[in-house]
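Here is the structure we will look at.
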Amino acid sequence: MTDFTDDREQQRMQSYINIHLKNEKQTLPIEEQIEELYKKDRNKWIMLAVNVAALLIFGYSFYFDITELSQTVFLIIIAIFGINVGLIFYQKKQLKELVEYLTWKKEREK
1 MTDFTDDREQ QRMQSYINIH LKNEKQTLPI EEQIEELYKK DRNKWIMLAV NVAALLIFGY
61 SFYFDITELS QTVFLIIIAI FGINVGLIFY QKKQLKELVE YLTWKKEREK
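Per full-length UniProt numbering, the very first residue in the sequence shown carries number 1; after that it's consecutive.
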């Protein structure tokens, strides 16, 4: 588990909050901020499903010669969608850490 008492760790979490929550959402109570992060996490699953579906469709159409794309274009498309999937997983990891941090912060305020 992450040590949220460290100042650098708290600064990192605050930068994640600035990235993932808009200004008006940052002023909400912690419980509502956590709920907003859960909503963003659900949206990331949808984005992930769309990207994986695109990878499968392009891969299927290229493998069975349905498309006329050259191999270079196909590899570029696969690389872009692959990087996108990796970034979505990274954002999901950040969201999970933020929920842990806000839960820790809420318990600490009691």
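Every residue gets a Cβ at the ideal spot worked out from N, C-alpha and C, and that includes glycine.
What would DSSP say about LYS106, mapped onto helix, strand or coil? If you number the sequence shown from 1, residue 106 lands on position 106. Reduced to three states, the DSSP call for LYS106 is helix.
Is the beta carbon of LEU28 sitting closer than 9 Å to the one on ILE88? Here residue 28 corresponds to residue number 28 of the sequence shown, with the count starting at 1. Here residue 88 corresponds to residue number 88 of the sequence shown, with the count starting at 1. Not in contact: LEU28 and ILE88 (Cβ atoms no closer than 9 Å).
Give me the Cα-Cα distance between THR72 and LYS106, rounded to the nearest whole angstrom. On the sequence shown, position 72 is the one that residue 72 refers to. On the sequence shown, position 106 is the one that residue 106 refers to. One C-alpha to the other measures close to 51 Å.
Three Cβ pairs or more, each shorter than 8 Å: is that satisfied between the stretch 85-102 and the stretch 28-38? yes
Counting C-beta neighbours from all protein chains within 10 Å, is the total for ASN23 16 or more, i.e. buried, or is it exposed? Stepping through the sequence shown from its first residue, residue 23 is reached at position 23. Around the Cβ of ASN23, a 10 Å sphere holds fewer than 16 other Cβ atoms; the residue is exposed.
If you count every other CB in all the chains shown that lies within 10 Å of the CB of PHE64, and 16 or more means buried, which is it? In the sequence shown, the residue the question calls residue 64 occupies position 64. Exposed: under 16 other Cβ atoms inside 10 Å.
By the 10 Å Cβ neighbour count, where 16 or more other Cβ atoms means buried, how is ASN51 classified, buried or exposed? As a working note, residue 51 is residue 51 in the sequence shown. Answer is buried; the Cβ neighbour count reaches 16.
Count the other CB atoms within 10 Å of the CB of LEU75; is the residue buried (16 or more) or exposed (fewer)? Within the sequence shown, residue 75 is the residue found at index 75, counting from 1. With fewer than 16 Cβ atoms within 10 Å of its Cβ, LEU75 is classed as exposed.
Given this structure, state the Cα-to-Cα distance separating GLN94 from PHE62, to the nearest angstrom. Along the sequence shown, read from residue 1 onward, the residue named residue 94 stands at position 94. Along the sequence shown, read from residue 1 onward, the residue named residue 62 stands at position 62. Their Cα atoms are separated by approximately 34 Å.
May I ask you to report which of helix, strand or coil DSSP gives SER61? Position 61 of the sequence shown, counted from the start, is the residue given in the question as residue 61. The answer is helix: DSSP assigns SER61 an H, G or I state.
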